[in-house]
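In what follows, a single structure is set out as structure tokens and then discussed.
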Amino acid sequence: MPEKLLSRFSRASFTLPHLRLLSPQASLSLRSLHNFIAPTSQRSPFTLSRSVAAATAMDSSSSTPCKLVLCGKSSAENEIAKSLMNNNTLKLPDNVQVSTLLHSEIINKQQRQDEESFCIERFMNSLSTNQFGRLLVWSPILPSTHDIVSNNFGELPIGTVCVADVQYKGRGRSKNVWESPAGCLMFSFTIQMEDGRVVPLLQYVVSLAVTEAIKDVCDKNGLPRIDVRIKWPNDLYLNGLKVGGILSTSTYKSKKFNVSTGIGLNVDNEKPTTCLNAVLRELSAAACTLRREDIVAAFLNKFEIFYDLFINGGFQTLEELYYKTWLHSGQRVIIQEKNENQVVENVVTIQGLTSSGYLLAIGEDNQMCELHPDGNSFDFFKGLVRRKLE
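In terms of our numbering, the numbers along the sequence shown are unbroken and rise by one, the last being 429.
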């Protein structure tokens with residue numbers, strides 16, 4: 040069943056590379072630090088710097104509402120934004136309070152965003168899509184961008200994107216609390232699909248759009264191309280280090296799949312691994328750096344093109360480019376399998392993807408097989424399960 044296949048991919052979600060695990064003691068210390076800082080209500084919410092926002096990230100029991108700023112690409116989307124604000128529509132789980140306003144109100148009241156904050160005007164000026172990203176939800180600090188789009192899926196237009204400068208309750212494994220350092224690009228957006236058989240392949244389209252968007256931004260600014268590569272199924276690597284990843288979740292309702300997709304990418308934070316701008320500084324003496332707004336807009340521009348090809352022509356329309364971008368063509372993988380009471384190791388060579396989105400490989404006996412993650416291993420390439428193909 041497609042639903043079962045999708046659920047396997049959903050359960051195999053990963054911990055974003057740019058996230059740092061906080062122990063309960065560390066979380067407590069952050070809340071204690073907040074007591075020594077003036078309450079948010081005493082300052083303009085749009086001059087709150089990302090570093091201070093990260094230090095004052097509070098748990099869901101806080102009475103301080105999350106600030107959401109809505110902006111549309113055209114008057115049509117701005118009318119939707121106005122309706123969402125007036126009706127107090129947007130909600131977060133765990134009774135987190137939400138305060139919503141329009142981007143035009145910030146401009147009219149001459150309230151100033153912190154210079155490090157996501158620049159909404161720059162994003163909108165770079166966006167050229169017909170659907171994706173035309174309604175933006177931005178927040179200086181948010182538990183999770185994924186929570187915004189997934190919990191309000193039916194209220195938001197398909198293609199709505201949510202961006203946060205700081206995310207303090209991102210999704211991790213085993214109910215861990217995760218905090219995202221300033222400089223990360225963190226955003227989520229919505230998609231609706233009808234054919235459940237191709238839903239698991241969507242994460243590959245997203246991954247490819249991210250890598251191509253980064254190349255487009257480099258080309259546009261006359262910078263050396265940064266060669267971000269795809270590690271199956273949903274990680275992004277640069278110079279052998281993890282710099283990003285994709286998480287897609289889905290619900291099935293009214294014969295359609297409501298998909299919420301989140302992307303995390305290290306743009307300007309060198310820890311805990313590396314980031315795009317750190318590598319760019321090594322490649323070029325130019326002072327120009329990549330900006331989060333440009334990357335999100337370029338991604339949505341590219342994704343809309345790729346998604347149209349994918350829906351109308353299947354993933355095979357993108358396969359050639361995908362295989363040029365991923366890390367695994369010709370990779371040899373050791374599969375451990377039980378044979379009675381013994382564990383036998385077999386070597387297979389990855390050839391590509393099967394129609395269902397798993398790895399296609401060939402064994403030393405020339406037998407074609409499909410490789411599945413076992414659902415338990417943190418690294419998908421450890422614990423792969425082989426299913427021989429007829």
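For glycine and all other residues, C-beta sits at the position ideal for the given N, C-alpha and C.
So what's residue i in DSSP terms, helix, strand or just coil?
i	result
Asp274	strand
Cys257	helix
Asn415	coil
Ser156	coil
Ala336	helix
Leu45	Here the model assigns Leu45 a pLDDT of 35, short of 50, so the residue's position is not dependable and the matter cannot be decided.
Ala203	strand
Ala400	strand
Ser178	strand
Glu194	coil
Leu410	strand
Arg330	coil
Ala65	Any reading at Ala65 must be qualified, since the residue scores a pLDDT of 33, below 50, and its modelled position is unreliable; the value itself is stated next. Correct three-state label for Ala65: helix.
Arg161	helix
For a quick check, are the C-beta atoms of residue i and residue j less than 7 Å apart?
i	j	result
Leu329	Asn316	yes
Leu392	Ala400	no
Cys201	Thr229	no
Leu107	Val188	no
Leu423	Met407	no
Val469	Phe171	Outside the shown range of the chain (40 to 429) lies residue 469, about which nothing can therefore be said.
Thr168	Glu343	yes
Val267	Thr288	no
Gln242	Asn273	yes
Leu277	Phe354	no
Can you give me the C-alpha to C-alpha distance between residue i and residue j, rounded to a whole angstrom?
i	j	result
Glu118	Leu286	30 Å
Val382	Glu403	17 Å
Asp307	Cys257	15 Å
Gly414	Leu319	36 Å
Ala93	Pro104	Reliability of the predicted coordinates at Ala93 is poor, the pLDDT of 45 falling under 50, and no value is obtained from them.
Lys295	Asp234	8 Å
Lys281	Gly352	31 Å
Ser165	Cys158	11 Å
Leu174	Ile180	18 Å
Lys112	Met163	6 Å
Pro311	Ile265	19 Å
Based on the DSSP output, what are the partners of residue i in its beta bridges?
i	result
Cys223	Asn305
Thr229	Ser299
Lys106	Ser138
Ile145	None, per the DSSP bridge assignment.
Arg268	Tyr276
I'd like the span of the beta strand (DSSP E) that includes residue i, first residue to last.
i	result
Ile373	Arg371 to Asn378
Asn385	Gln381 to Leu392
Tyr291	Leu280 to Lys292
Val424	Val424 to Lys427
Looking at the secondary structure, which residues open and close the alpha helix (DSSP H) in which residue i lies?
i	result
Asn316	Leu315 to Leu322
Leu240	Looking at the DSSP string, Leu240 is not in any alpha helix (DSSP H), and its letter there is neither H nor E.
Lys121	Ser114 to Asn125
Thr364	Glu358 to Thr364
Is the shortest distance between the beta-carbon of residue i and the beta-carbons of chain C less than 7 Å?
i	result
Arg173	No chain C appears in this structure, which consists of one protein chain only.
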